[in-house]
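Visitor:
Protein chains: 2
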Amino acid sequence: MSIRVNRKPGDVYQHGDLRRALVKAGLKLLSESGEAGLSLRAAAELAGVSHAAPYRHFRDKHALVAAIAEEGFRLLTQHMREAAAACAPGDPLGRLRALAHGYVSFAVRHPAYFRTIFGGAVCPEGETPPAGLREAGAEAYRVLRDTVAEGIAAGALRPGDADQLSLAAWSLVHGLGMLIVEGQLPDTRSHPARVKAVTDGMVTLLEVGLRRVR
Amino acid sequence: MSIRVNRKPGDVYQHGDLRRALVKAGLKLLSESGEAGLSLRAAAELAGVSHAAPYRHFRDKHALVAAIAEEGFRLLTQHMREAAAACAPGDPLGRLRALAHGYVSFAVRHPAYFRTIFGGAVCPEGETPPAGLREAGAEAYRVLRDTVAEGIAAGALRPGDADQLSLAAWSLVHGLGMLIVEGQLPDTRSHPARVKAVTDGMVTLLEVGLRRVR
DNA sequence: ACCTGAACACCGTTCAAGT
DNA sequence: ACCTGAACACCGTTCAAGT
Chain A
7 MSIRVNRKPG
17 DVYQHGDLRR
27 ALVKAGLKLL
37 SESGEAGLSL
47 RAAAELAGVS
57 HAAPYRHFRD
67 KHALVAAIAE
77 EGFRLLTQHM
87 REAAAACAPG
97 DPLGRLRALA
107 HGYVSFAVRH
117 PAYFRTIFGG
127 AVCPEGETPP
137 AGLREAGAEA
147 YRVLRDTVAE
157 GIAAGALRPG
167 DADQLSLAAW
177 SLVHGLGMLI
187 VEGQLPDTRS
197 HPARVKAVTD
207 GMVTLLEVGL
217 RRVR
Chain B
7 MSIRVNRKPG
17 DVYQHGDLRR
27 ALVKAGLKLL
37 SESGEAGLSL
47 RAAAELAGVS
57 HAAPYRHFRD
67 KHALVAAIAE
77 EGFRLLTQHM
87 REAAAACAPG
97 DPLGRLRALA
107 HGYVSFAVRH
117 PAYFRTIFGG
127 AVCPEGETPP
137 AGLREAGAEA
147 YRVLRDTVAE
157 GIAAGALRPG
167 DADQLSLAAW
177 SLVHGLGMLI
187 VEGQLPDTRS
197 HPARVKAVTD
207 GMVTLLEVGL
217 RRVR
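Shown next as C-alpha cells:
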C-alpha cells in the first residue's frame with residue numbers, strides 16, 4: 007500500500023478531507039452565486055475532483071446540502087452569540103433584543119445561507135432534516151431559550167412556559183427574516199437602516215408583550 | 007384566417023388559454039409532486055403542448071412560477087377570509103385569531119403552495135417578485151391590517167401603529183408556518199392537533215401582548 | 001478505500017422552421 | 001400569432017473500471 011504524499015497543483019484539499027472541502031466549496035458557491043449556483047458538480051469541480059467523487063461522502067445532493075446548511079446554522083448561532091456578548095450580563099431583555107437583531111441581520115447579510123438552512127433542498131420533501139442539521143438547530147434554539155428562561159427567572163419577563171415564549175420569539179424573528187429575504191417587504195430589501203428600524207420596532211413590541219407587568 | 011374549433015383528444019386547454027392551463031398544471035404538479043416536481047417541461051406536457059410553447063406566454067421559468075405563486079397566494083387569502091368569516095362580527099380579537107389559524111393551517115395543508123409562494127424560484131435571486139405576485143401579497147396583508155386597525159379603533163388592541171402591529175402579527179404566523187413546513191419543529195410535523203395547540207398558544211401570547219391594558 | 005469517465009434521464013433555454 | 005422539433009449546456013445519479 008502506498009500513501010500519496012505529493013498532491014498535484016490542482017488539488018485543493020488534503021487527503022481524507024474531501025467531505026470538508028465539498029462543504030467549504032458549497033458555502034463559497036452560495037456566497038458568490040446564491041442558491042441557484044449550488045450544484046453537486048460545481049462543488050466537486052471547486053474541490054478539484056470529478057463530479058462522481060462526492061458520492062463517496064454523501065448519499066445524494068440532499069445530504070451535501072444538509073451538511074452545508076448545518077455549517078451555515080452554526081455560523082448563524084455564532085452570529086447570535088456575538089451579538090448577545092456585546093450586551094451587559096444580567097440584562098436578559100437587552101440580550102433578547104440583541105439575539106433578535108443578530109438573527110435578522112444574519113438573514114439580511116447572508117441571504118443564501120439563510121435560505122439554504124431553512125430551505126427544502128436539505129432533505130426530500132415531507133421528510134425530517136437529518137440529525138446533524140437538527141442538532142445545529144437545537145443548539146441555536148438553546149441560546150434563545152436560555153435567555154428567555156433567565157428573563158423569567160429574573161422577573162423581567164412575564165411568568166410562563168419558557169418553550170412557548172421562545173418559540174414565539176423565534177417565529178417572530180424567523181418570519182421577519184424570511185419576509186425580508188424573499189422580497190415580500192420591498193421597503194426593507196437592501197435598506198439596512200430600514201431593516202434595523204423594523205426589527206427594533208418589532209422587538210420592542212415583543213418586549214412590551216412579554217415584559218412582566220409591574 | 008381560420009379559427010380552429012375542433013381540438014384533438016389530447017388537448018386539455020381552450021384556444022388562447024394556454025397561459026391559464028400552464029398555471030393550473032403547475033398547481034397540480036405542486037400538489038401531487040411537491041416543488042421538486044414543478045418543471046416547465048412537465049407543466050407543458052400536462053397542458054398538452056411542446057416544452058417550448060410556454061415561452062410564448064412566460065419569459066422564463068421564474069415568470070411561470072410567479073404566476074403559479076400568485077394563484078396560490080390568492081388561495082391563501084381566500085383561506086384566511088373563510089376562517090375569519092366563521093367569526094362573530096365586531097370581535098376583532100377573535101377575527102385576528104381566526105386569521106392566524108387560517109394562515110398556519112394553509113401552510114400545513116398546502117406546504118408546496120406555501121413554499122412556492124414565499125420561495126426563491128419566483129424571481130432571480132436579489133430581485134423583487136413581479137408586480138402581480140406583490141399585489142396578491144398586498145391583498146392578503148390588507149385583510150390582516152384591516153382587522154388590526156379595527157381592533158385598535160374598537161379599543162380592543164393597544165393603541166399603536168397599525169402597520170407595525172400587522173407586520174409583527176404576519177411575521178409571527180409566517181415564521182411559525184415556515185418552521186413547521188420546513189421540519190424545524192419535529193413535534194408538529196404531521197400532528198395537526200399539536201399544530202393547532204402551538205398556534206393557539208402563540209396567538210394567545212400575541213393577544214396578551216397586543217391587548218389594551220385595562 | 002477512493003476516485004474517474006462514460007452513460008442515462010432529466011432540465012431550462014434558444015432558434016429555425018412550420019401553420 | 002402561435003406552436004413544434006432539434007439542439008445546446010447544464011444537472012443528479014449510476015456503474016464499470018482504474019489505482
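First to last, the protein sequences are chains A and B.
Position one of the first sequence corresponds to residue 7 (this note's numbering), numbered consecutively onward.
Position one of the second sequence corresponds to residue 7 (this note's numbering), numbered consecutively onward.
We put the CB at the ideal spot given by N, CA and C, even for glycine.
#1: On the DSSP bridge list, what partners appear for R217/A?
#2: Terminal residues of the continuous alpha helix (DSSP H) containing E51/A?
#3: Are the CB atoms of G183/B and A113/B nearer to each other than 7 Å?
#4: Keeping to the same chain, check which residues put their C-beta closer than 8 Å to that of R140/A; ignore five residues upstream and five downstream.
#5: Between the alpha carbons of P204/B and A58/B, how many angstroms are there, rounded?
#6: Take D169/A as the anchor and find which of Y147/A, G189/A, A160/A has the nearest alpha-carbon.
#7: Quick check on DSSP: helix, strand or coil for R65/A?
#8: Strictly below 7 Å CB to CB, what residues from chain B border E131/A?
#9: Name the chain B residues whose beta carbon is nearer than 9 Å to that of S177/A?
#10: Taking the runs of the alpha helix (DSSP H) that are 4 residues or longer, which of them lie wholly in the segment 90 to 172 of chain B?
#11: Given a threshold of 16 other Cβ atoms within 10 Å of its Cβ, counted over all protein chains shown, does V209/A qualify as buried or as exposed?
#12: Just checking: is the beta-carbon of E124/A within a distance shorter than 7 Å of some beta-carbon in chain B?
#13: My output table needs one value for P15/A: the three-state DSSP class, helix, strand or coil.
#14: Note down the Cα distance separating L24/B from E145/A, rounded to an integer number of angstroms.
#15: So, with DSSP's three-state summary, where would you put D193/B?
#16: Between the Cα of K202/B and those of R103/B, F120/B, A137/B, G40/B, spot the shortest distance and give me the residue it belongs to.
#17: Quick check on R121/A - is its C-beta less than 7 Å from some C-beta in chain B?
#18: What separation, rounded to the nearest whole angstrom, lies between the Cα atoms of L82/A and A31/A?
#19: Quick check on DSSP: helix, strand or coil for A203/B?
#20: Compare the Cα-Cα distances from S111/B to each of P130/B, Q84/B, E38/B and report the closest residue.
#21: Use the C-beta contact count for V128/A: other C-beta atoms within 10 angstroms, 16 or more gives buried, fewer gives exposed.
#22: Comparing C-alpha positions only, which one of L173/A, P192/A, E188/A sits nearest to A190/B?
#23: Taking the alpha helix (DSSP H) that G43/A falls in, what are its first and last residues?
Guide: Straight from the coordinates:
#1: L163/A
#2: 46 to 53
#3: yes
#4: T134
#5: Checking the sequence, you will find Val at residue 204/B rather than Pro. Distance between the alpha carbons of V204/B and A58/B: 46 Å.
#6: Y147/A
#7: coil
#8: G40, E41, A42
#9: S177, L178, V179, H180, G181, L182, G183, M184, L185, M208
#10: 98 to 115, 117 to 123, 137 to 159
#11: buried
#12: According to the sequence displayed, residue 124/A carries Phe and not Glu. Closer than 7 Å: yes.
#13: Reliability of the predicted coordinates at P15/A is poor, the pLDDT of 37 falling under 50, and no value is obtained from them.
#14: 49 Å
#15: coil
#16: R103/B
#17: yes
#18: 18 Å
#19: helix
#20: Q84/B
#21: buried
#22: For clarity, residue 190/B is Gln in the given sequence; the question names Ala instead. Measuring from the Cα of Q190/B, the nearest candidate turns out to be L173/A.
#23: Note, G43/A: premise wrong, no alpha helix (DSSP H); not H, not E.
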